[in-house]
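First up is the structure itself, then whatever we jot down about it.
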């Protein structure tokens, strides 16, 4: 089989890249080892996060560093055995999280964040997926007055970004979410983001649109990619596929492609878990709820109430460890009434992260026809369509809607 462009990875980033390339006349084949939307794109909190204008930075306050060092927190946990391996990457992350570095990352990511909702809707409409996307925003809820006051100040500091949000007192918060524990003191209702009740289903819906428009999805092994005369080749269940161009949109698995080719891109994995819970009779969660102190999100999903944890630093292939999920569940049950667990075991996801908090989007510097689109960290669902749009513009020679320089692969050399 031969095609013009082969997209490796059928998560939200790969599917979106395939759709945008297809819309520009490319004959595209999408390849993955499993059906679309079953990896990291499935297991997130379901937020199209228009309000996250400031990237997630490494904490620099001494008190926070000491607290995390004790490894007893619910929002961040680490495997002691993994620390020597993760240490150099964490040091880079810490350096990039300086005020100057964070300001640079914020400027770089803003053009993508600003377009994230409109880019999703441009795909969701023709894919008939709008029923999975809700307009209600999400709520940051607090049961600690000092934390609530600090959050209000931080939100006010974002005034230049013209974000829409409401400060909720206790009565207003309980009116929106009556199931919350009456000890809550207030919240922030972020109105610009959209919420997705089935992130994996949304990705599969976009993949169906790609196929309806003439694209082909094939099961195959992206790690067999190699250069051949005139392009690239990969092995699939339909035999070898050759292409003039290849897009690597493999998220946490991308290093399996770029490292053998000699690229030293510091891609690391932040692991995270989710579990679904039944609703307690007489209650209904209306919005995703973030407990910023506990570091978890409760979100209404088609499969139940999904609890999504924060960050676990551990080897990518380490087995599931329930410590962080149990900590978050214990906090969540004191925050909102949760019924029984609905999943046989926790879902484990792997977020592909770069230390400067920006993805890699653009050409591989030393391999003509090879393109990268990975490293979206906590915002893969948010940024899939917009980064697919930007990449397709670059591949086809259009003028990009924003300067792609901050996302170039060679920035790490």
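Numbering (the UniProt record's numbering), first residue to last: 1 to 413. Glycine residues also receive a C-beta, built at the ideal position from the N, C-alpha and C atoms.
For residue 327, which residues of its own chain have a beta-carbon under 7 angstroms away from its beta-carbon, when the five flanking residues on both sides are left out?
Excluding five sequence positions before and after residue 327, the CB atoms of its chain that fall closer than 7 angstroms to its own CB belong to 74, given in chain order.
Alpha helix (DSSP H) containing residue 258: first to last residue?
Run containing residue 258: 255-258, per the alpha helix (DSSP H) assignment.
If I'm right that residue 338 touches residue 277 with Cβ under 8 angstroms, what's the distance once you round it to whole angstroms?
Sure, about 4 angstroms apart at Cβ, within 8 angstroms.
Give every residue of the same chain whose Cβ lies closer than 6 angstroms to the Cβ of residue 385, excluding the five residues on either side of it in the sequence, and list them in chain order.
Hits under 6 angstroms: 16, 119, 120, 123.
Residues in its own chain within less than 6 angstroms of residue 410 by CB, not counting five upstream and five downstream?
Within the same chain, and ignoring the five residues on either side of residue 410 in sequence, the residues whose Cβ sits closer than 6 angstroms to its Cβ are 365.
Using 8 angstroms for Cβ pairs, my map puts residue 377 next to residue 350. What's the rounded Cβ distance?
Going by Cβ atoms, the distance from residue 377 to residue 350 rounds to 11 angstroms, so no, they are not a contact pair.
Could you check if residue 211 is buried or exposed, using at least 16 other CB atoms within 10 Å of its CB as the buried criterion?
The residue in question, residue 211, is exposed, as its Cβ has fewer than 16 Cβ neighbours within 10 Å.
In whole angstroms, give me the CA-to-CA distance for residue 348 and residue 359.
Rounded to whole angstroms, the separation of the alpha carbons of residue 359 and residue 348 is 22 angstroms.
Inter-stretch contact at 8 angstroms, needing at least 3 Cβ pairs: the region 195-214 / the region 169-177
Look at the beta carbons and you see the region 195-214 not touching the region 169-177: under three pairs across the two are nearer than 8 angstroms.
To which residues of the same chain is residue 34 closer than 6 angstroms at the C-beta, ignoring the five residues directly before and after it?
Excluding sequence neighbours, residue 34 sits near nothing in its chain.
Closer than 8 angstroms by C-beta to residue 22: which residues in its own chain qualify, once you throw out the five before and the five after it? Chain order, please.
Once the five neighbours on either side are set aside, the close Cβ partners of residue 22 are 28, 210, 213, 214, 215.
Assign residue 342 to buried or exposed, taking buried as 16 or more other Cβ atoms, counted over all protein chains shown, within 10 Å of its Cβ.
By the Cβ-count criterion, residue 342 is exposed, with fewer than 16 other Cβ atoms from all chains shown falling within 10 Å of its own Cβ.
Flag this pair as touching only if the region 311-324 and the region 282-292 have three or more C-beta atom pairs under 8 angstroms; answer yes or no.
In short, these stretches do not touch, since the Cβ pair count stays below three.
If we count Cβ pairs, one from each stretch, closer than 8 angstroms, do we get three or more for the region 295-302 versus the region 190-198?
Yes, the region 295-302 touches the region 190-198.
Where do the ends of the alpha helix (DSSP H) carrying residue 65 lie?
Note, residue 65: alpha helix (DSSP H), 62-69.
With a cut-off of 8 angstroms, do at least 3 Cβ pairs link the region 99-112 to the region 55-64?
The region 99-112, when compared against the region 55-64, does touch it at the 8 angstroms Cβ threshold.
Burial state of residue 153 (16 or more Cβ within 10 Å)
By the 10 Å Cβ count, residue 153 comes out exposed.
Can you check DSSP and say which residues form a bridge with residue 270?
According to DSSP, residue 270 shares a beta bridge with 351.
Closest by CA to residue 393, which one among 379, 383, 361?
Closest option to residue 393, Cα to Cα, is 361.
Residue 236 to residue 391, Cα distance in whole Å?
Distance between the alpha carbons of residue 236 and residue 391 is about 24 angstroms.
So, using beta-carbon positions, are residue 382 and residue 47 closer together than 8 angstroms?
Yes.
Coarse secondary structure for residue 203, derived from DSSP in three states
Helix, per DSSP.
Can you grab the Cα-Cα spacing for the pair residue 84 / residue 76, in whole Å?
If I take the Cα positions, the gap works out to 17 angstroms.
Take residue 202 as the anchor and find which of 369, 274, 37 has the nearest alpha-carbon.
Across the set 369, 274, 37, the C-alpha of 37 shows the shortest separation from the C-alpha of residue 202.
Classify residue 306 as buried or exposed, calling it buried when 16 or more other Cβ atoms lie within 10 Å of its own Cβ.
Taking all protein chains in view, the Cβ of residue 306 is crowded by 16 or more other Cβ atoms within 10 Å, so the residue is classified as buried.
Which value, in whole angstroms, describes the spacing of the CA atoms of residue 219 and residue 32?
Answer to the nearest angstrom: the Cα atoms are 5 angstroms apart.
Helix, strand or coil for residue 54, going by three-state DSSP, please let me know.
In this structure, residue 54 counts as coil in the three-state DSSP scheme.
Three-state class that DSSP yields for residue 357 in the structure shown
Reduced to three states, the DSSP call for residue 357 is coil.
Distance check for residue 281 and residue 181, CA to CA, integer angstroms please.
Distance from the CA atom of residue 181 to the CA atom of residue 281, rounded to whole angstroms, is 15 angstroms.
Would residue 205 pass as a contact of residue 148 if the rule is Cβ separation under 8 angstroms?
Against a cut-off of 8 angstroms, the Cβ pair of residue 148 and residue 205 comes out as no contact.
Just to confirm, is the Cβ distance from residue 267 to residue 255 under 8 angstroms?
The answer is yes: Cβ separation under 8 angstroms.
Measuring alpha carbon to alpha carbon, tell me which of 19, 279, 313 ends up nearest residue 418.
Nothing in the structure corresponds to residue 418, since the chain is present only between 1 and 413.
How far does the beta strand (DSSP E) with residue 2 in it reach, from first residue to last?
In the DSSP assignment, residue 2 falls within the beta strand (DSSP E) that extends over 2-8.
Residue span of the beta strand (DSSP E) that contains residue 340, given as start and end:
Per DSSP, residue 340 belongs to the beta strand (DSSP E) from 338-341.
Helix, strand or coil for residue 263? Go by DSSP, reduced to three states.
Taken through DSSP and simplified to helix, strand or coil, residue 263 comes out as coil.
Select from 245, 127, 231 the residue whose C-alpha is nearest the C-alpha of residue 7.
For the residues 245, 127, 231, the minimum Cα distance to residue 7 belongs to 245.
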